[in-house]
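Residue numbers (the working numbering), protein chains in the order written: chain A, 19 to 140; chain B, 19 to 140.
Each residue gets a CB set at the ideal place from its N, CA and C atoms; glycine is no exception.
Protein chains: 2
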Amino acid sequence: MDSRESAEMYLETIYILSQKSDAVRKIDVSRYMGYAKPSVTRAIGLLEKRGLVNVDDSGILKLSKEGEQQAKRIYERHTVLTKMFMNLGVDEETATEDACRIEHYISETTFDAIKKHMAKYE
Amino acid sequence: MDSRESAEMYLETIYILSQKSDAVRKIDVSRYMGYAKPSVTRAIGLLEKRGLVNVDDSGILKLSKEGEQQAKRIYERHTVLTKMFMNLGVDEETATEDACRIEHYISETTFDAIKKHMAKYE
DNA sequence: TCCTTTAGTTAGCAAATGCTAACTTTAAAA
DNA sequence: TTTTAAAGTTAGCATTTGCTAACTAAAGGA
Chain A
19 MDSRESAEMY LETIYILSQK SDAVRKIDVS RYMGYAKPSV TRAIGLLEKR
69 GLVNVDDSGI LKLSKEGEQQ AKRIYERHTV LTKMFMNLGV DEETATEDAC
119 RIEHYISETT FDAIKKHMAK YE
Chain B
19 MDSRESAEMY LETIYILSQK SDAVRKIDVS RYMGYAKPSV TRAIGLLEKR
69 GLVNVDDSGI LKLSKEGEQQ AKRIYERHTV LTKMFMNLGV DEETATEDAC
119 RIEHYISETT FDAIKKHMAK YE
């Protein structure tokens, strides 16, 4: 996996888990992503260094303002791409999987075009 | 870059260069991709081991049957995705760049759906 | 014939990610 | 209070890809 993709996946995961629970810890990320704990420890450490995530004394993860922006950006791509693929007749599971891989690699320009296009179908 | 993506890019490059010239060598791949020669030496060595590329005594690269199949598969994705993005109003350069990144990550199912969709516009 | 340019190779570095093993710490259970 | 289970951390391995440095080999020019 690409380095940027990896970071984005961690951010997105924290964002998604934060919507379901208000006390997200590393172990939750570990389980959700299916990665070993040390992988999560390091990855989140890097996100902290970059100022995208904060971990409080009790081990609760919070996205910073910028971290949340980035997470939302990816998550929006995720949902829009999934819809687009489903709109073309792809089943939900496959559409989600594809969106999840592609969301990291689409340029702003192309994503905007897709988003505008999809807006017609709402 | 992902390992599979890397291999696919080399195959696609050899395929593209083979359409312009019938004597493609490693140095050509090196220049086209902008990679140093040792990177190409190793990458093509791996493709040879996998039976996807053959290098004859004079250093000319040929895709094997399977190598060509894979290269064509990727190249088709490249062209179809580029068209789709341009169809949504994206400029050619951006469309090509995006297609080039995404072509490696789309499932067969989703690509088929896109392809069918694009067929309507021909 | 000798020299230079070009293609290709070998060896080894750096970066990044995921993993296991083993340890610490904390918190809950008995 | 003691024990046990769960969360995290540290250390270090493996894999993969691209790079540079330095070398070999072959082809062409002078």
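Supposed close pair residue i, residue j - CB separation, criterion 8 Å
{"i": "S36(B)", "j": "A61(B)", "result": "So it is not a contact: roughly 16 Å between Cβ atoms."}
{"i": "G69(A)", "j": "L29(A)", "result": "Not confirmed; about 12 Å, so no contact."}
{"i": "A113(A)", "j": "T100(A)", "result": "5 Å"}
{"i": "V98(B)", "j": "M136(B)", "result": "6 Å"}
{"i": "V58(A)", "j": "V47(A)", "result": "5 Å"}
{"i": "M104(B)", "j": "E110(B)", "result": "6 Å"}
Under 7 Å from the C-beta of residue i: neighbouring residues of chain A
{"i": "R119(B)", "result": "Y123"}
Pair within 9 Å by beta-carbon distance, residue i and residue j
{"i": "L81(B)", "j": "I32(B)", "result": "yes"}
{"i": "D116(A)", "j": "Y123(B)", "result": "yes"}
{"i": "E121(B)", "j": "R95(B)", "result": "yes"}
{"i": "K134(B)", "j": "L106(A)", "result": "yes"}
{"i": "M19(B)", "j": "M51(B)", "result": "no"}
Residue i at chain B interface by Cβ criterion, 9 Å
{"i": "G52(A)", "result": "no"}
{"i": "D3(A)", "result": "What is shown of chain A runs 19 to 140, which leaves residue 3(A) out entirely."}
{"i": "E115(A)", "result": "yes"}
{"i": "D46(A)", "result": "no"}
{"i": "D109(A)", "result": "yes"}
Chain A contact for residue i (CB, 9 Å cutoff)
{"i": "L81(B)", "result": "no"}
{"i": "T128(B)", "result": "yes"}
{"i": "K112(B)", "result": "The question names Lys, yet the displayed sequence has Thr at residue 112(B). At least one chain A Cβ lies under 9 Å of T112(B)."}
Contacts that residue i makes with chain B (C-beta to C-beta distance below 7 Å)
{"i": "M19(A)", "result": "D20"}
{"i": "H135(A)", "result": "L106"}
{"i": "I132(A)", "result": "L106"}
Check: residue i C-beta below 8 Å from any heavy atom of the ligand FAD
{"i": "L99(A)", "result": "Inclusion of the ligand FAD in the displayed structure is not the case, the ligand content being empty and no account of it being possible."}
Given 8 Å, three or more beta-carbon pairs between the segment 126-133 of chain A and the segment 34-51 of chain B: no
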